[in-house]
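Working notes for the structure below.
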Amino acid sequence: MARGRGFDLRSGSNTRFRGGNRGSFRGRGRGEKSGGETSNAPRREDHGTQLAEKFERIKLNDEIDEKLGFGLVQEGHVREGWLANMHLTTMKNPDWPASRQWTTISFRMMGQCSRRHTCTSLISLLLARLAWKILSKNGYKQYEGVILRIVRDRKEDLELMGHRRLFLQLCFRNIADLLTVRRDLIPLALANSAKRDAVDAYAEVVNVTSGGGASINISIDGESGWTGGSSRAMGSREDPREGIIDIGEYDVPYYLRVAIDNEIRHLPERVKRADPVVMAYDIETTKAPLKFPDQATDQVMMISYMVDGQGYLITNREIVSEDIDDFEYTPKEGYEGPFIVFNESDENMRVKRRIFLKVVKATAKLGYNPIELDPELMTPYAQKQPQVLTQYFVSDAVATYYLYMKYVHPFIFSLCNIIPLCPDEVLRKGSGTLCETLLMVEAYRGHIIMPNKHAEEHGNFYEGHLLASETYVGGHVEALEADVFRSDIPTEFKITPSVVQKLIDDLDAALTFCIVEESKASLDDVTNYEEVKDEIQSALEALRDSPKRIDNPLI
């Protein structure tokens, strides 16, 4: 795997790194020419112009990053910093023609001195792992200049009896080359796999009908050559495309591939979380009675936002009848909200997009009731009661900021320590995808081939009827029962006594946490602690002693 010299990335959230230079490579693939390259991939006449425009956009983005403090680190000593984000980018390589670009990863770092760094890694892309007989000399020439090199590797294949299988790792310079080869290889792999299944089925039938006396030995992965011990006799007559029997790991995102292969994780000695700049905002607009906001006619009325605990409010005096002075909105101790107000005569902007973000009920999560206001009263209040309207506007920004800092930020930090995904991806991906990513990390460490994603077969029939979709047969997932429940209809419950006993043992710690941490109170101020504890403990003991129950659910 080609890497930038002196590049040391070891962390997913908190990392030690050095800027990557121009890549140095151990090999460039067979049949490579220094003067130029040939490829069967289709070429567009305006490809050079498009590529030049692409690099111009990248240059402009780099200049913007420089102004924002994310300077490009080319070389220097090893630095430690928090990895805030990573994304795909493209770089030129002087060793290759201008038409060849490198797909690389840009890492945005937060240093200890609040300096930002961008580090770009030249790491070859892993496409597929195929049988060793996939390519002969003639077969490789078809992709000369597209495939950077091929690495022979033996991995654990859980679909085999012996588990060990010989694979090829195809490395590319960019994703476009990957897609070019993948488009050709996947149909061949599917067709050859179907042929193998047919041969296996035939061999099984012959073995059964002959009473177990017949034996068909088909060599797939040879040790001494392209097709095994008999390769000299058959290699010249065999179509190299028929050797493609499997293809895998071709759909792994590039930045995830880089993070897994380079063990980009957190430094175990770092425990405290990073301290990034966090902003929460809320935009309020005018609207016609009983209608939704319209970007053609409605205006932005107020914008409230909080940055690291400091609140700001921008008002549009075309709508708001009077200036708003600086104020403080602190609904509860610990959730301070000092606001600086900017009264602007004309914001000179219209509604481009209106996003209604449902704020989680602050009553349950933050311990206070947020201010509520009928949407139909907002525009009239801007003229008649702007001070009341201001309190309502900033309440959503304050609640959103503290909800994020209390629940979302620790969640992102914890998952990104073990799962090599961007913060936004950690929030958007489902639990199944997150578990799959974690398994991919462990599979790479265990030298196990990652299975491809399940592809649902189409065109299946059942009793003469075409099936739209199929569910799993013979298996089930243990999960919470999902149904429509009512509090006045008894429901069967099966409780694990050992779990309830653990709750009883940890009751004091749970009550202390609720009083001190959640409610910000002192144990000395609680006058009926033992009474409440005995009441809760009695209820838990009743559940422990009678684990099988029929009760009305508390909804």
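Residue numbers (full-length UniProt numbering): 1 to 555. The beta-carbon is built from N, C-alpha and C at its ideal position, and this holds for glycine as well.
Hey, quick one: how far does the alpha helix (DSSP H) through residue i stretch, first residue to last?
i	result
residue 432	431–445
residue 257	254–261
residue 277	That residue, residue 277, is in no alpha helix (DSSP H); it is neither H nor E in DSSP.
residue 417	409–418
residue 534	529–545
residue 424	423–428
residue 298	Looking at the DSSP string, residue 298 is not in any alpha helix (DSSP H), and its letter there is neither H nor E.
residue 387	386–403
residue 501	497–505
Grab me the residues of residue i's own chain with a C-beta within less than 6 Å of its C-beta, minus the 5 sequence neighbours each way, in chain order.
i	result
residue 320	382, 386
residue 323	343
residue 302	284, 315, 393
residue 37	For residue 37, the pLDDT reaches just 42, beneath the cut-off of 50, and the residue's location in the model is therefore unreliable, although a value from the coordinates is still provided. So the qualifying residues of the chain are 145.
residue 84	108, 110
residue 151	169
residue 373	392
Could you tell me if residue i is buried or exposed, where buried requires 16 or more neighbouring beta carbons within 10 angstroms of its beta carbon?
i	result
residue 514	exposed
residue 265	buried
residue 400	buried
residue 161	exposed
residue 50	exposed
residue 105	buried
residue 260	buried
residue 362	Because the pLDDT at residue 362 is just 48, under 50, the model does not fix this residue reliably, and the value given afterwards should be weighed accordingly. So residue 362 counts as buried.
residue 192	buried
residue 173	buried
residue 330	exposed
residue 310	exposed
residue 527	exposed
residue 525	exposed
residue 129	Note that residue 129 has pLDDT 42, beneath the 50 cutoff, so the model's placement of it is unreliable and the number below is only indicative. So residue 129 ends up on the buried side.
residue 187	exposed
residue 397	buried
For residue i, which residues from the same chain have a beta carbon less than 8 Å from its beta carbon, with the 5 sequence-adjacent residues on both sides left out?
i	result
residue 164	154, 155, 156, 157
residue 551	490, 491, 493
residue 352	Because the pLDDT of residue 352 is 37, which lies under 50, any placement of that residue in the model is unreliable, and the number read from its coordinates should be weighed accordingly. Hits under 8 Å: 295.
residue 537	504, 507
residue 376	289, 290
residue 92	55, 98, 101, 102
residue 533	507, 508, 511
Are the CB atoms of residue j and residue i within a distance shorter than 8 Å?
i	j	result
residue 421	residue 256	yes
residue 561	residue 540	Look at the range of the chain in this structure, 1 to 555, and you will see that residue 561 is not part of it.
residue 394	residue 334	no
residue 450	residue 249	yes
residue 547	residue 496	yes
residue 244	residue 178	no
residue 298	residue 453	no
residue 408	residue 415	no
residue 554	residue 487	yes
residue 511	residue 254	no
residue 325	residue 340	no
residue 54	residue 90	yes
residue 438	residue 419	yes
residue 189	residue 246	yes
residue 389	residue 378	yes
Tell me the residue span of the beta strand (DSSP E) that contains residue i.
i	result
residue 323	Segment: none, residue 323 is in no beta strand (DSSP E) and carries neither H nor E.
residue 516	Note, residue 516: premise wrong, no beta strand (DSSP E); not H, not E.
residue 550	548–551
residue 310	310–316
residue 599	With the chain running from 1 to 555 in the structure shown, residue 599 is simply not present.
residue 342	338–344
residue 492	491–494
residue 167	164–172
residue 488	First-last for residue 488: undefined, no H or E at that position.
residue 149	147–156
residue 292	It is not in any beta strand (DSSP E) - residue 292 carries neither H nor E in the DSSP assignment.
residue 71	70–72
Is residue i close to the ligand ZN? I mean its beta-carbon at under 7 Å from any heavy atom of the ligand.
i	result
residue 177	Judged by which ligands are present, the structure shown has none, so any question about the ligand ZN falls away.
Once you ignore the five residues that flank residue i on each side, which residues in its own chain have a CB closer than 7 Å to its CB?
i	result
residue 543	495, 500
residue 181	127, 143, 146, 147, 170
Segment contact flag, the stretch 168–177 with the stretch 443–461, C-beta cutoff 8 Å, min 3 pairs: Fewer than three beta-carbon pairs drawn from the stretch 168–177 and the stretch 443–461 are found closer than 8 Å, and the two stretches are therefore not classed as touching.
The stretch 277–293 in contact with the stretch 428–447 per 3-pair CB rule at 8 Å: No contact exists between the stretch 277–293 and the stretch 428–447.
Cβ contact check for the stretch 287–294 and the stretch 313–328: 3 or more pairs under 8 Å: They do not touch, by the three-pair rule.
At least 3 beta-carbon pairs within less than 8 Å: the stretch 422–432 vs the stretch 294–314: Counting Cβ pairs under 8 Å, fewer than three are found: no touch.
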